[in-house]
Structure formats: structure tokens, C-alpha cells
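Undergrad: Chains as they are written, first to last, in my numbering: chain A, 16 to 449; chain B, 16 to 449. Yeah, the Cβ is synthetic: ideal placement off N, Cα and C, and Gly gets one too. I have a structure I would like to understand better, so I am pasting it below and will then ask my questions one at a time.
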């Protein structure tokens, strides 16, 4: 049987998973690739720590030239985290003639155009299924399986850490800080979970998916984003009362005016598939003009789901499919972006608003008045007798609006927050409509 | 830009959809394939009927040699229904040097091995994403995206017609015959819906998926199957009372003893993604040892979802990806089947049982006694005062069992049906456990 020599750079969690699939389950790659993927080297700065896989003697090294200097190695799994030295290693691999499979989303989000340009110049390929949504093969699905479609919408729960935290808060009433600790204990969250919970990670993934799905070339930092780090359990309760769950949604949606693009905690009606995504799962709903709506649900992270995506890419690269895809798709090319990004302040949405107001007559009228001045009409109102954790003389006022424009919604709540009858800062979240 | 000349055989609903995507949206195939798919000919016996697409003058013909005799045509969409003459046309296309994309599941289920052998001999490829689950790209997902996994389970709602009918019955209390009529009116069901509602269609699709996922070579007629054509609305009501919905499930599940394989109406707990599939949607849940559980949901049939899958395959074939996949996967090859199919009578399952029994003391004891003799233990019982549509002196007795063996369950209900206190024939359905 033919043999393709491969290597791994980065012997952390995912690298260990990749080594396990290659070494312990070589039979299945042989069956699916029609050839053996033969592991020649594993490179990591740490050659001492014991990992959960048994490498053959002499495979592990801290010397990258064991790969770059070996012309027989054709495919390399680049499973190094962070932006640098990940980027430099990636360039060295490409320049030494390797086709690379990477799981590094942050690096692609930051340096995708440079890396893809370089790979093209060198006649090499980059595959990156594992970089977005882990075990859900959304990259292949968008770039190959749905290629007959004009995609019109993509909505995803792309950060499993955030979803886990919000699920814990909603289902068990766990406070935010405790839910973060639990996520860390289970290995879902980093020691510093900032990039997960503030929406950065989801925005980076959305930038990659939006590029594939709509051709738009956007840096993740240009995507308006709100995380779940300020989420109040009270809003999860009120949302449930209204028949919704709150999910950190990444949205890319095409309209005549251009592409809507943002990441934010969003109310999703109970029973809709996106609302029912629990724990650290990811999910993506895609709409194409021919295929209609497709929904994917699976593990967005973790050692083996991510390794599954990496090894599938290694097989695709070894047999030649990746090379074809990479050439035909012209990813992050200099081709002009076919769509413009819509002005965030002009995007329409329904909104969930919560104010802490004084418990006296005329307050609702005042607030409704300000909303009306900003062309925002009220769909429903919840006002309870007393907030369980509020000040003694105030009550929470929850308003669901009809469709309004982001800029109007922002301006009106800012104005309402200044009313003497309103205490503290209001809460405002988008509501998923269609 | 490079041009790949293509053709369509079969100008029915799907063929019209394929022509629309190629003619009206040539820009996107150009963008995703890096080349134009240039429609050279459309062949159908009926060249007169008006279709919902405008073909350029002279493209439509009833002469297949316009394709087989034109060496410039490389890729052909074979969107002809039925087994013959579909098979003969397929062979002619392959023998004239064409790579073929087909949506014809019945033909593949019947003649897959012959057609794939012939294509291999001739150095041609066959792609068939559209043959199973329409718009859900399950073929590519199993054969490429999940190639690093040993799949352990595949469960699907693969027949949209049945799902539509059962959803109508459950949600609106529509009688079976009326639900079938409604499915026909909406174009979901054929004039003769037998193959959809008796489980044949789902078994044919399951045979294809089980071959891809587990390598097993099985003719669909060997798969034990029960349809929804005998489903009683009463059982939908009792299932709901117990917290379940009834779905026509196709199941392939790997165990040490071999592969479990069957199609049957199955109770699925409310809230599980498979239970929440409504209307004519399809859904598939796949478990792989590395990736964990993946869930896909989308339109399983219809003009444009199916055409979307056909055109994606045409693009893959034109750029060369299909050729690689076809060669490496050795579909329906003479390679030995790596797993055996488990004896159906020895499969374990929980069961839903319903008996119509005389309303007098001792009856439950008698029935429980027979079950006990067959090693079947009872998990829960519902007995109402009177069946709304039953005989005056009888009551329905609904029993949920713990896990039992199919053969025991069948033997015990047969024996119970012969008891003098039991009227008519019992109902027995599987319950999805894990």
C-alpha cells in the first residue's frame, strides 16, 4: 500500500489526539485514504512531559528541521496555539514544501491572507477544518457540499465555553463566576477565559466562515461583538418567562443592503434548534437559496473531535482533494469582496430591554414615550411586583420591542437610562426573528 | 475561464432544478469550481412539456447519442427515476466515457455493485450525494469529513413523506388517509405512496449509508423494515402521554456482535433532536469514536435541495475531487464486508406495547405473567378507564418494557394476543434508548 509521510508540530492536547488516530488507528486512514499516513516526526518544545499516547522511539523532537529538512514528509499537522510562533512555524513549513493542516483559528483570523498568499505562491495547500467548530465539518460543507448555493444566512453557536457557561446559569441557576470555574475544571475554558467569554473567539470564527460563505474579507476586530461576561441571571429568567433562551450567536446574513455581521447574546425562541444547544456543543444553521435550511450540531472543541477534523484534512491532503479545493476556491485571495458589510447602527432587529424603574404611576408611559420618539413600538411588557434581588423601591420592567433599528434602540435606551425614574443601566439584547 | 461541458439526462422536477442552477446561476459554479459548467444537452423522452426553466434553442432532445456521441461532454447529471431504463442509460453514459452524477437511489440500491464495478473498469466515477437525504450532504460527510472515525452508530429520519404524514397525524390529529392525501397535494408523496410509507425507501437509503459508514454490503431487501402505513393515531397519543414521539427511524448500530440494521416506527423521547424533526424534513444522527455525536437536519427531498446536491457533485466531478474519492473509497467493491449483520431476533430494545384487554380483574397479571416468562420486565403501565374509540367492554393497556430481546418480545406478544382476555392484535414498537 502507498505511504504518505506525515508529521505533527505541537504535541499538546490536539497533537496527542492526532498522534493517537494515526498510530492506534492506522487501519482506518488506510481504508479511507487508500494509503497509509506514516507518522515520521512529532515536534514540540517540551519533549519530556508524558502524553496519553505511546510514540515510537525517536519520533519526538524539539527540532523543527527534522520536518522542514526531510523532503519525504508531505503533510504536516500544525496544531500549535496562539499567533506567534505559530505563524512563523507555518511559514517555515510551507517554505520547506509541506502541505499544512492547521487547527489554529487565532492565527488564521490574524494572518490568513498572508499565509494563504504564501501557500499559493509556493504551490502548497492549507486545510483548516479544525479551526472552526471543531468536530462539525462546516468548512467542507460550506466550501464544497453547498457550492451550488448562494448562501443567504449563517448563524452559529461557535463558542462552546460560552454556551456551557450560559447553559449552567440557565439550567441550574449557577452564578456566572461559578459557571466559569466549572468550565475551567472540565477543560472547556482557559485559565484566562477572556477571549472565549468576550466574543473574540466567536468573532474570529465568524470572520473565517463569512469569508467562505459570502466571500467577504473582514478582520475579526471589525465585527461588532458583545460577550456573555456581563450576562445577568435575571435576564435568563425573564427570557424564559417570555419563551426564549439566551445564546451567544454569531450571525452573518445577506440582504440587498449588504452583509449583516455581529456576535451577541441573543434571545432565541425555545424549541428552535439553536435554542436547544446545551453544554459545550456548537451548532450552525445555514440557509442556501437552493438547499433551504441546514442545521449542524456537534462538539465544537475537545481533543478527539478536533483531532478527527485534523486527520480528515490530512487524508484529504494526502489523496489530493485539498490541493484541488485550495486552488479552485482562492481563499483570502486579492479578488474583490463581492459584498459590503452593513452599517451596524442601521441593522434591524427586535430587542429585549430591561430597565430598573421606580415603582410609581407614569413610569411606563414615560419610557414608552421615549421609545416611540425613536420609532420603536412595544410588542410585550413584563412588570413584576418586585425584583427578587433589586432595590426595595424599584421594579424590573422588561419590554420586547417590534423590529427596530440598532441605532434607534441604542439611542433610546441611552436616553431612558437618564430618566430620573430609571435606576442603573438598562440591559438590551437582540431577539432572533426569522 | 476553463469550461467543462456537461449534460443532463432526465428533464423532470430535479432535472429542471439542475438546469436552473447551471443556466441562471453560472456565476456561482464558476466561483466555486474555478471553471464554467457549460450545459451542452438535455435529454428526455418528453421534449414538448413546458418546464420551469428557459433552455437555449436546440439543447433539449430525446436522443441520448447527443450526449454519448459527444466526446467533449465530460460530466452528466443522471436524474432519471426508477430502476429501468435508468440502469441502462447509466451504463451507456459510463461506456461512452462520462463521469456520472446521479440522484437515483432505487437504481443504486438495486444495482450499485454492478454500476460501480463497471465505472471502475472504465476509469469513470459515479457521485450520488443527491440519492440519500436530498439536501443534507451526508454522503460527503460520512465518506470524507468523518474519515478519521470508526463510526459506531447512524440513525436517521430518511423518508420525508413518512415524517410529514406522522407529523400531521400527531400535531393535528389528521387521520392517516387524509395525511397521505395532503402529502400528495404538496408533492411530497407519489400517486402510489407505497414505497415511501412501507419503509422500502428508507431501507434503500439505509443500505447505501450503512455501506459507506460501516463497509457492509447488504441488499435493502435484507433489512428488516416496518413502515408507518399501519400506524394508529391512538399510539401517537399514548406515546405523547409517555413523553415520546413516534418517528420512522432507520438504524445502523455497531456492537461487538455485529451491525444492528432495521427500519421501524420508533418512540423517541420528546426533546431529543430526532424527535423534533417535523414536516418533510430529514435528519441524521451519527456517532464516531473520535468526533462524538453529530446531528444533521435539512430538506430530504424537493426540486432545489436535490438539485443543490446534484450540482455540488457536478462541480466536485469537474474539478477532480470525485475521481479521487471514487478511487480511494472503492465503493461496493469486492472487498470483504468487515462486519456481519446481527440476527434481528437477537437485537435488544425497549418496547412500547399496546393491548386491547377486557376490563376485569386479573388481566394485567396474566399479561405481566406471559412477559415475565419471556424475560421481559415492565418499566411502566398506562391503563385508562376507557379507550375513546374502543369496544365498550375493553380498555387499552399500554406497557413500556425494560430492555428485552426482539425475539422474546415478538413471541410474548404473539402469545398474549391469544389470551381470551385480549381482543384483536397488539401493537409493538421499538423505543430509542441511547
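Closer than 8 Å, CB to CB, is residue 288 of chain A near chain B or not?
TA: Answer yes: the Cβ-Cβ gap between residue 288 of chain A and chain B drops below 8 Å somewhere.
Undergrad: Just list the alpha helix (DSSP H) runs in the segment 178–238 of chain B, keeping only unbroken ones of 4 residues or longer that don't cross its boundaries, in chain order.
TA: List check, alpha helix (DSSP H) in window: 191–200, 209–212 and 215–229.
Undergrad: Going along chain B in order, which residues have a C-beta closer than 7 Å to the C-beta of residue 157 of chain A?
TA: Correct list: empty, because the minimum Cβ distance to chain B is about 10 Å.
Undergrad: Determine, using beta carbons only, whether residue 36 of chain B comes closer than 8 Å to chain A.
TA: Chain A, which has a Cβ nearer than 8 Å to the Cβ of residue 36 of chain B, makes this yes.
Undergrad: Return no unless some Cβ of chain A is closer than 8 Å to the Cβ of residue 191 of chain B.
TA: With 8 Å as the cut-off, residue 191 of chain B does not count as an interface residue toward chain A.
Undergrad: Contact defined as beta carbons within less than 8 Å: I believe residue 142 of chain A pairs with residue 343 of chain A. What is the distance between those atoms, to the nearest angstrom?
TA: Not confirmed; about 14 Å, so no contact.
Undergrad: Taking a contact to mean a Cβ-Cβ separation below 8 Å, would you say residue 88 of chain B touches residue 45 of chain B in this structure?
TA: For residue 88 of chain B and residue 45 of chain B, no; Cβs fall outside 8 Å.
Undergrad: Residue 261 of chain A CB to nearest chain B CB: under 8 Å?
TA: No, no contact with chain B.
Undergrad: Under a CB-based cut-off of 8 Å, is residue 306 of chain A close to chain B?
TA: For residue 306 of chain A, the answer is yes, since a Cβ of chain B falls inside 8 Å of its Cβ.
Undergrad: Give the range of the alpha helix (DSSP H) segment to which residue 120 of chain B is assigned.
TA: Run containing residue 120 of chain B: 120–137, per the alpha helix (DSSP H) assignment.
Undergrad: Spell out a yes or no on whether the segment 279–296 of chain B and the segment 121–128 of chain B are touching, meaning 3 or more CB-CB pairs, one atom from each, closer than 8 Å.
TA: As far as the Cβ criterion goes, the segment 279–296 of chain B does not touch the segment 121–128 of chain B, which means the pair count is below three.
Undergrad: When the Cα of residue 325 of chain A is compared with those of A/29, A/17 and A/426, which residue comes out closest?
TA: The residue with the shortest Cα to Cα distance from residue 325 of chain A is A/29.
Undergrad: What residue range is occupied by the uninterrupted beta strand (DSSP E) comprising residue 96 of chain B?
TA: Segment: none, residue 96 of chain B is in no beta strand (DSSP E) and carries neither H nor E.
Undergrad: Give a yes or no on whether 8 Å exceeds the smallest Cβ distance from residue 419 of chain B to chain E.
TA: Looking for chain E here will not work: the only protein chains present are A and B.
Undergrad: Checking contacts by CB at 8 Å: is residue 134 of chain A closer than that to chain B?
TA: It does not: the Cβ of residue 134 of chain A has no partner Cβ on chain B nearer than 8 Å.
Undergrad: Looking only at its chain, what residues have a beta carbon closer than 6 Å to the beta carbon of residue 145 of chain A, apart from the 5 residues adjacent to it on each side?
TA: Excluding residues within five positions, the ones whose Cβ falls inside 6 Å are 118, 321, 324 and 325.
Undergrad: Counting only C-beta atoms, is residue 319 of chain A closer than 8 Å to chain B at any point?
TA: Chain B contact via Cβ: present.
Undergrad: Go to residue 435 of chain B, then tell me how far its beta strand (DSSP E) extends in each direction, as first and last residue.
TA: Where residue 435 of chain B is concerned, there is no enclosing beta strand (DSSP E), given that its DSSP letter is neither H nor E.
Undergrad: What number of angstroms, rounded off, separates the C-alpha of residue 394 of chain A from the C-alpha of residue 135 of chain A?
TA: Those two C-alpha atoms are separated by around 53 Å.
Undergrad: Give me whichever residues DSSP pairs with residue 415 of chain B in a beta bridge.
TA: BP columns for residue 415 of chain B point to B/367 and B/395.
Undergrad: With which residues is residue 253 of chain B paired in a DSSP beta bridge?
TA: None; residue 253 of chain B has no bridge partner.
Undergrad: Could you name the residues of chain B that residue 4 of chain A contacts, counting a contact when the two beta carbons are closer than 7 Å?
TA: Residue 4 of chain A lies beyond the range of chain A shown here (16 to 449); nothing can be said about it.
Undergrad: Less than 8 Å between CB atoms is the rule here; does residue 176 of chain A satisfy it with respect to chain B?
TA: Not an interface residue.
Undergrad: Please confirm if residue 463 of chain B has its CB atom under 8 Å from at least one CB of chain A.
TA: Only positions 16 to 449 of chain B appear in this structure, which leaves residue 463 of chain B out of reach.
Undergrad: Taking only three categories from DSSP, how would you classify residue 350 of chain B?
TA: In this structure, residue 350 of chain B counts as coil in the three-state DSSP scheme.
Undergrad: How big is the Cα-Cα spacing for residue 220 of chain A and residue 199 of chain A?
TA: Taking the straight line joining both Cα atoms gives about 21 Å.
Undergrad: Going by alpha carbons, who is nearest to residue 308 of chain B out of A/306, A/301, A/297 and A/302?
TA: Among A/306, A/301, A/297 and A/302, the Cα nearest to that of residue 308 of chain B is on A/297.
Undergrad: Hey, is residue 225 of chain A's beta-carbon within less than 8 Å of any beta-carbon in chain B?
TA: No, no contact with chain B.
Undergrad: Tell me whether residue 270 of chain A sits in a helix, a strand or coil according to DSSP, three-state version.
TA: In the structure shown, residue 270 of chain A sits in a strand (DSSP, three-state: E or B).
Undergrad: Which of the three DSSP states, helix, strand or coil, is assigned to residue 312 of chain A?
TA: In the structure shown, residue 312 of chain A sits in a strand (DSSP, three-state: E or B).
Undergrad: Work out the CA separation of residue 242 of chain A and residue 93 of chain A for me, nearest whole Å.
TA: Cα to Cα, the separation comes out at about 29 Å.
Undergrad: Which residues in chain A sit within 8 Å of residue 1 of chain B, going by Cβ to Cβ distance?
TA: For residue 1 of chain B there is no data in the structure shown, the boundaries of chain B being 16 and 449.
Undergrad: Does chain A have any CB closer than 8 Å to the CB of residue 168 of chain B?
TA: By this cut-off, residue 168 of chain B is not an interface position.
Undergrad: Assuming residue 173 of chain B contacts residue 217 of chain B under a Cβ cut-off of 8 Å, what Cβ separation, rounded to an integer in Å, is found between them?
TA: Residue 173 of chain B to residue 217 of chain B, Cβ: 5 Å. Contact.
Undergrad: Give me the Cα-Cα distance between residue 270 of chain B and residue 362 of chain B, rounded to the nearest whole angstrom.
TA: Taking the straight line from one Cα to the other gives about 10 Å.
Undergrad: Does the distance from the C-beta atom of residue 149 of chain A to that of residue 299 of chain A stay below 8 Å?
TA: Going by C-beta atoms, residue 149 of chain A is not nearer than 8 Å to residue 299 of chain A.
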